[in-house]
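*Asks:*
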Amino acid sequence: MRNCFLFISLLFIFGCGNDQHREVIITNKQLEKPLINQNKRLVKKEKEAIEAFIARHNWKMDTTGTGLRYMIYEHGTGPLVKIGQKAKVNFNISLLDGTECYSSKKKGAEVFTVWEDHVESGLHEGIILMHVGDKAKFILPPHLAHGLLGDDDKIPPLSTIVYDIELLEIK
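When the letters of the sequence shown are read in order and numbered with the working numbering, they come out as residues 3 to 173.
(1) Assign I130 to one of three DSSP states: helix, strand, or coil.
(2) I think I141 touches T162, with their Cβ atoms under 8 Å apart; what is that distance to the nearest whole Å?
(3) Please go through the same chain and pick out, in chain order, the residues whose beta-carbon is closer than 6 Å to the beta-carbon of F55, but skip the five residues on each side of it.
(4) Which two residues bound the contiguous alpha helix (DSSP H) that contains S105?
(5) Please identify the residue among I129, A138, V164 whose C-alpha is closest to the C-alpha of P144.
(6) To the nearest angstrom, how far is the alpha carbon of L8 from that of N30?
(7) What three-state label does DSSP hand A54 in the structure shown?
(8) Exposed or buried, what is L169 when buried is set at 16 or more other beta-carbons lying within 10 Å of its beta-carbon?
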């Protein structure tokens, strides 16, 4: 009898929980359209800021399917980078307003494994377009850089970043 009471109590508790869950789903569906619209406005504003930045600098850049903008402005003669190789790079990272965030001039060249190490996904995507000796500019929108949170140091949340990068060697 006691087990029956416990079973009925649990059934009642979980049954009520389902109704609450349905209410949350309805609420989420009601919020979905405004959130999507707000996201579209943010993406449009971000795209306009990037396009204005490119126009101010008179750069001719290509765009990948993910939104990475890139321009190889000096061509090297070395091999093309492959996934899994270690890339050694000199770099300067800045925000669209010109604020310098990081530079290899201060820290020295950086080495990372392509598509394996924890660096911006836009950097991984851009580096595989380069040959050893190339110099390039990459513009990484927030979703390819540090996203909603920034890097908890010099790159603020939702920031587009600009890489000026030179591929020194691959291993």
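No residue lacks a Cβ here, since even glycine has one placed at the ideal position from N, Cα and C.
*Replies:* Short version:
(1) Against the sequence shown, residue 130 aligns to sequence position 128. When secondary structure is reduced to three states using DSSP, I130 falls in the coil class, being assigned neither helix nor strand.
(2) Locating residue 141 in the sequence shown gives position 139, counting from the first residue. Locating residue 162 in the sequence shown gives position 160, counting from the first residue. Correct: roughly 6 Å between the Cβ atoms.
(3) Working through the sequence shown from its first residue, we reach residue 55 at position 53. These residues qualify, in order along the chain: L98.
(4) As a position in the sequence shown, residue 105 is number 103, starting the count at 1. Careful: S105 lies outside any alpha helix (DSSP H), inside the beta strand (DSSP E) at 102-105.
(5) Mapped onto the sequence shown, residue 144 falls at position 142. Closest by alpha carbon: V164.
(6) Working through the sequence shown from its first residue, we reach residue 8 at position 6. Working through the sequence shown from its first residue, we reach residue 30 at position 28. Only weak support is given to the placement of L8: the predicted model assigns it a pLDDT of 44, under 50, and the question is left unresolved by the model.
(7) Position 52 of the sequence shown, counted from the first residue, corresponds to residue 54. Helix at A54.
(8) For the purposes of this step, residue 169 is taken as residue 167 along the sequence shown, with counting starting at 1. It counts as buried.
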